[in-house]
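Okay, structure first, notes after.
Residue numbers (my numbering): 2 to 339.
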């Protein structure tokens, strides 16, 4: 009887040992299977068009993670203006990181460069799609609305809110809310390094608004402004757009300002003023970069001399710098042989 009991105990211990081995092997297999799972994809895709809206087939789109310096070329083909890039979510790109888009058409006659900050919503959604790109002619510059406070002068005393617009860098899904009678001014993020004269040309302005009052039907004023260093402003041109309430919908303000030549003095700024009249029924939201839409922006004409430093001035300054450098080298040579 005792032998039988001892045998049963030993068999039970052996069974427990085997069971533990099996559980350990199963745990290792499960861990290995989990770790071997590929990362979730992060898809960046959209359509590329020329400035006139026609499709740009077989576009070249290079995308760079500015935080890691990794660069990829998106897939495209001859018969379509669609591009696509599949990255590893959480590995190749993460929330708060900045990605730069460099897109161009055949012959590089038109191009576009944009910097976009990836959001946690983009990560959760699994990518940026559709992220459409509109190319522009050479010398045109684009400034994007932001909700960042503009604190450095010159600032206008006519503004209720002072915000910046950044060249080539889009903001996130931010808004500025105007009550009746309020204005927001978006200023360029750089002052003119000298007097910059813009020849006559077309300024493209496109941004998104949402009226919040059910019975809204009011006029929104858009004004392109030039400011002096002391904050005095000159209205270059303006537009009046009728805004009505549409439940849950954004309204696009899409303008082509034909301007005569004008100048921004040294130390001055360009600005776009959006003014909501005191007679409005309720508040108006200005959206900087709503999901699924292009970012709100201002684009200069192809006659842009290169604000804030004109192209010719840059060349002259470079030439002057080279002359000074050559002069110093010559002086050192004379001292050595003297």
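Heads up, the beta-carbon is just placed ideally off N, CA and C, and yes, glycines get one too.
Could you tell me the alpha carbon to alpha carbon distance between residue i and residue j, rounded to whole angstroms?
i           : j           : result
residue 248 : residue 72  : 41 Å
residue 62  : residue 82  : 11 Å
residue 147 : residue 291 : 12 Å
residue 279 : residue 221 : 11 Å
residue 258 : residue 241 : 12 Å
residue 34  : residue 41  : Low confidence applies here, because residue 34 scores a pLDDT of 48, under 50, leaving its location unreliable; read the following figure in that light. Whole-angstrom Cα-Cα distance: 15 Å.
residue 167 : residue 76  : 29 Å
residue 271 : residue 100 : 26 Å
residue 357 : residue 106 : The question about residue 357 has no answer, for the chain in this structure spans 2 to 339.
residue 70  : residue 129 : 19 Å
residue 112 : residue 281 : 40 Å
residue 215 : residue 181 : 14 Å
residue 218 : residue 211 : 12 Å
residue 94  : residue 311 : 36 Å
residue 341 : residue 102 : The requested residue 341 is not part of the displayed model; the chain covers only 2 to 339.
residue 303 : residue 250 : 33 Å
residue 55  : residue 256 : 19 Å
residue 172 : residue 116 : 9 Å
residue 57  : residue 158 : 44 Å
residue 287 : residue 186 : 11 Å
residue 223 : residue 239 : 5 Å
residue 179 : residue 190 : 22 Å
residue 197 : residue 46  : 38 Å
residue 137 : residue 228 : 26 Å
residue 67  : residue 144 : 19 Å
DSSP on residue i, reduced to helix/strand/coil?
i           : result
residue 126 : helix
residue 298 : strand
residue 108 : helix
residue 304 : coil
residue 121 : helix
residue 231 : coil
residue 142 : coil
residue 247 : coil
residue 134 : strand
residue 100 : strand
residue 116 : strand
residue 214 : coil
residue 317 : Note that residue 317 scores 42 on pLDDT, short of 50, meaning its location in the model is unreliable and no value can be drawn from it.
residue 94  : strand
Rounded to the nearest angstrom, how far is the Cβ of residue i from that of residue j, given a contact under 8 Å?
i           : j           : result
residue 119 : residue 87  : No, residue 119 and residue 87 are not in contact; Cβ-Cβ is about 15 Å, not under 8 Å.
residue 48  : residue 133 : 5 Å
residue 165 : residue 149 : 5 Å
residue 244 : residue 285 : 7 Å
residue 151 : residue 268 : Actually they do not touch by this definition, with Cβ atoms about 15 Å apart.
residue 297 : residue 289 : 5 Å
residue 90  : residue 124 : 6 Å
residue 155 : residue 232 : 4 Å
residue 226 : residue 274 : 6 Å
residue 265 : residue 206 : About 17 Å; that fails the 8 Å criterion.
residue 306 : residue 199 : 7 Å
Tell me, please, which residues DSSP counts as bridged to residue i.
i           : result
residue 71  : 66
residue 76  : 85
residue 56  : 50
residue 241 : 222
residue 42  : 89
residue 236 : 226
#### Entry: Unbroken stretches of the beta strand (DSSP E), 3 residues or longer, contained in the segment 146-206
162-168, 176-179, 184-189 and 197-199
### Query
In chain order, which beta strand (DSSP E) runs of at least 3 residues are fully inside the segment 251-300?
252-260, 263-265, 270-276, 285-288 and 298-300
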